[in-house]
Amino acid sequence: MVIDRRKAILFTSAAALRLVLFFTFPSLPVLLTGRVEISTPVTSFKRLQEGLFLYTHNVSPYDGGVFHQAPLLLPLFALIPPSLFSPLTAILYIGLDLLCANALMHITESGESGSSRLFTSPRKDMKWDSIAVASAYLFNPFTIATCIGRPTSVFTNCAILYAIAQAVSGKPITSMLALGLASYLSLYPALLLPPMILLCYDGKARETKALPNATFSTATYLSVFSASIAWFLHLSKILTGGSTAYLASTYGVHLLLPDLTPNVGLWWYFFIEMFDSFREFFLGVFWLHLGAYVGALCIRLRTQPLFVITTLLGIFAIFKPYPSISDTSLYLAMLPLYRHVFPLMRYTFFAMATILYATLLGPAFYYLWIYAGSGNANFFYAITLVWSLGLSEIVADSLFAVLRDEWEVERPEMKGKDVRQI
Amino acid sequence: MAQDIGTGSEDANFKMASRPATAPKQPPPESSKSIKTRGLVILSFWAVVVFLGLPVWLWTTSIYRASLPLQDMLDWADGKVFVPNSNAARHALNVLQACKPTFPLQIAIEAPFLQEVEAAHLVRMTQHALDDLNEFSAHHLRLRLKKTFLSQDPQNASMAVTEDEYAAGYLKDYGATDGMDVEALTVRLQPKTGAQAARAELQSHSAKLDVFYASNQAPSVSSSSSTLATFIAGKLQELFAEEQAIIAYILQSAQTMGQASQIALSASSTPRELRPRFHRSLNPELAAKMDSRMTRSLKYAPTYHITVSLFTPSATPSSWEIESALAEYFTPLLDSISGVSNFTVDTQVQLYAAFSPSVQSPEYDTEQQTWTLREEDLSGFINAAEWPLSPSIGAGPTLNFVLYVPDRSTSPLVVKGSRASSWLIPQWGGVVILNPQDTNATSSEATLSKESIQPALLTFSHQLLSFLGAPQTPPSLPLQIQTLTRLRAASLLLSASSTMGSLARLTVALPSIAIPETVSSAVDTTLMHLRTTCDSLKGGKFRDALENARIAEIQAEKGFFEKSMVGQVYFPDEHKIAVYLPLLGPVGVPLLMSALKELRRLWASRKIRQPG
């Protein structure tokens, strides 16, 4: 029971740290909830409270155009008694973080990152154990800030991690249900469907020690996924009084970007500046850009679907319509699974320094723009560009490292030598 | 990314040192599996571009252009449609479309003391005389004999006929909406014993002209000419001379504008033919008068806002019975012209209103014992900086009427020279200086009574009519309002038509602007109402014509100023490169290059395979 004790200590200390932050600094949750880096229009806790208020007063939560989140969150939060709302939501979010960590530990223990069905890395013994991966997630400042700021993207992250955990342990049905929930909550996880199907297929194959029928499995996974989405949408329709108006103010907002509140992403500034007549076209271009990587990565990295998911999560954290540091924390949670390729990465110092630089200067520039008035929108946008640069550096570098790792299996004699373009 | 790894090689320094440059080391050949994977990766990117990107591009950037009846619109706007003489043969092609605004005025003749045959003969002769006098064919008077009961009962006929009818007057008739206009004017022929020559009297509150003639002037059926007929014709011509001139002026200015716009297109001889005709009917003096009248009057709007203000440099008078005065002296006029435009009225009082510093303070004229304002100062009389006269309060343009009550120490105040106490500021409003009746009265008059405001309000009424563009003559108000109806109908018809033309030319000139469905429907409505207007004018239904012309004008403006049309104007095709390239260029170049490389490889491998 050594492992379990370590896990207990880790979880207890992580929960204690969050509880201390929640209850000894009562102004901290309020402060973080309002930060644009944490709360986007589609995940903000404040907007959720507004929607909840309308919902509990029998008004359509989407009236007023403030609330853009999935309707199923409302009855969940409506269960919490208003007198204990603040402490109980704190405990709920801490629980979610621990669940995420638990899922991460499952993924790590499966060893899928080091050796998948079709590929085994020569460096797989260098990997971190599950406690290390979980603590890298739980004590990541981005994760902690997200937890205190309570955006609803935590639910999405948890659902995604559970989908992965179930997939690697050979339970494709529950995995697809979890992915359906994530897609229902935030739409963009639907793009993870192809690599997730591959991962489920590999997981199932490893579990049963035999190759299942590819077409049949894919069809099953697809139909389970669609059925779960349909079920959630049906429930939402019942909840919102039988109308489908909520679709426009939830997924419509993701797709059409009507709310240009600043965030750490690249879309808001671009669409503030965009000429109206080209707005629809560039919305299409941005979404296609987001989706274009899915197919190519699945083809190129067919042998390591988990890494496809990881990389896609990184790409989403940079290029999705309303990104926040909660998406970054999800990507940074998955990345330590590939600890064994870290030595092959070339620009870790540069990327880390960029991320740190953006993390420190971002709030400062936002303050200069919004409160002090001595800066303008370009200040904040420039720093989000730096932030995205740092993240994309990590994404590209880790991709490079994994490919190099793969290549060294093919040509062992080149181990340890530099790459050069000829 | 695939190339990156696949073409990896050794350390450069090591290579340089160990091998001669002439024999570079070749990388080991790529496995067929990695080549296939690379092809698939490139294909997957291109599949997104072709199957999703292209449809999105076509779907989101296509411009919706509703079809417009361009030829109809241009025809309406073309001056040739409005050629006021009857050379219709020249434009035989346009006959179906052509709208020649004509103004056939019905004039009823009541001749209760004449035999029917005699009267009919008189009407015929008068009509002949009128036709001879009239030079302007678009505007013509048609006489009609009105059968009256009086002809059976000549004894009872007298001036006492139905005074009620007179009192109720024209205004009631005008308010009726049966569509068909009543006669523009009724001429009553009455014999008057002892009169030497015929005499005409125009009723000022109804559209009636009384003609008194000596009994011996009554024409016999046999005579071919009659002084009475000539007299009536001359009188009628005189009454409508100004209206004719104004209409000719409006048509001509539209004509010259139309010609100017298409002078490059066709070397039509029409203008040269027309000029002398117009110049005959429109002498320079009259034309100048027309010009000043046009600059003075306001641009047409469906609603005007009227502000009546009381300004005084001292503390008295501090109130006025404006509500009841307006109701009694002003509102009836507004009601009677509500067919032309609607009005909203508000009032205000401003005490201690000082002149602006640029105006010299009034001088005392010892001869006349009055205070005088210099004429040059009248334009600066309104202290725009300090007097609260907002330029626009209501929906439409604002007309300001200012009643200025001078201080007792500087009263009576008049304008130097003309000794007038009221004047008009073009496009802005009117000013009346109201001098207290007796300067010695006690200063207890804090309130201006209804009666004391009356003259000022009457002046304002006159000023209002001239702002609306009503003619100065004839002095009868109903006739003036009728004239105003016809003028407005004509000018709105012309302006809506020219707007249609501009819209059509704009549509043709800018093929890249979007034309939403609303514009197309506005154009259809406009054209339909223009046609109705034209028919109504021809049929003499001027109120109908004005109503339709107003709708046409509103719809034409709505179509022309549609907001969503101009969005695309700023993006001619060459500017679109600047929109697309910064983002799509960096993305597109690698995509394109990799596709080319891949194609070249396929080509080469096919070449190798074919001979082998």
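Quick note, the sequences are listed as chains A and B, same order. So in the numbering used here, spot 253 of the first sequence is number 292, and the numbers just go up one at a time. So in the numbering used here, spot 581 of the second sequence is number 577, and the numbers just go up one at a time. Cβ coordinates follow ideal geometry from the N, Cα and C atoms, glycine included. The model shown is predicted, which means the values in this text are computed figures rather than measured ones.
DSSP-derived helix/strand/coil call for residue i
| i | result |
| --- | --- |
| A:Y420 | helix |
| B:A62 | coil |
| B:D342 | strand |
| B:E179 | coil |
| A:T159 | strand |
| B:Q423 | coil |
| A:A202 | helix |
| B:F307 | strand |
| B:W72 | helix |
| B:K142 | strand |
| A:L305 | coil |
| B:Y348 | coil |
| B:R195 | strand |
| B:I511 | strand |
| A:T191 | coil |
| B:I333 | coil |
| A:W446 | helix |
| B:A381 | coil |
| A:Y227 | helix |
Interface flag, residue i vs chain B, CB-CB below 9 Å
| i | result |
| --- | --- |
| A:P451 | no |
| A:L322 | yes |
| A:R339 | yes |
| A:G90 | no |
| A:H328 | yes |
| A:V448 | no |
| A:G304 | no |
| A:S316 | yes |
| A:G414 | no |
| A:A421 | no |
| A:A331 | yes |
| A:G291 | no |
| A:A335 | yes |
Below-9 Å beta-carbon distance, residue i vs any chain A residue
| i | result |
| --- | --- |
| B:F274 | Interpretation of B:F274 is limited by its pLDDT of 43, a score under 50 that renders its predicted location unreliable; no figure is taken from the coordinates. |
| B:W599 | no |
| B:P24 | yes |
| B:S265 | The predicted position of B:S265 is uncertain, since its pLDDT is 36 and thus under 50; no value can be drawn from it. |
| B:W316 | no |
| B:L592 | no |
| B:T503 | no |
| B:L588 | no |
| B:F41 | yes |
Option nearest residue i by Cα separation, candidates the options
| i | options | result |
| --- | --- | --- |
| B:S133 | B:A43, B:T98 and B:D373 | B:T98 |
| A:I357 | A:L345, A:D241 and A:L371 | A:L371 |
| B:V119 | B:N130, B:S516 and B:L137 | B:L137 |
| B:T366 | B:V44, B:V411 and B:I333 | B:V411 |
| B:G230 | B:A196, B:Q248, B:I246 and B:I243 | B:A196 |
| A:K85 | A:D241, A:S169, A:L424 and A:T191 | A:T191 |
| A:L442 | A:V458, A:G209 and A:A129 | A:V458 |
| B:F227 | B:F208, B:V504, B:A237 and B:N431 | B:F208 |
| B:M524 | B:P512, B:P507 and B:M496 | B:M496 |
Per DSSP, cross-strand counterpart(s) of residue i
| i | result |
| --- | --- |
| B:H136 | B:P100 |
| B:Q186 | B:F208 |
| B:F397 | B:V304 and B:G426 |
| A:S154 | A:T159 |
| B:S315 | B:T443 |
| B:S418 | B:V428 |
| B:V410 | B:T368 |
| B:E359 | B:T368 |
| B:E106 | B:K142 and B:R184 |
| B:T299 | B:N338 |
**Complete beta strand (DSSP E) runs within the stretch 84 to 125 of chain A (minimum length 3 residues, chain order)** = The stretch 84 to 125 of chain A contains no whole beta strand (DSSP E) run of 3 or more residues.
Kindly provide the ranges of any alpha helix (DSSP H) runs that are 4 or more residues long and lie completely inside the stretch 452 to 519 of chain B, ordered along the chain.
Segments of the alpha helix (DSSP H) lying fully in the stretch 452 to 519 of chain B: 473 to 505.
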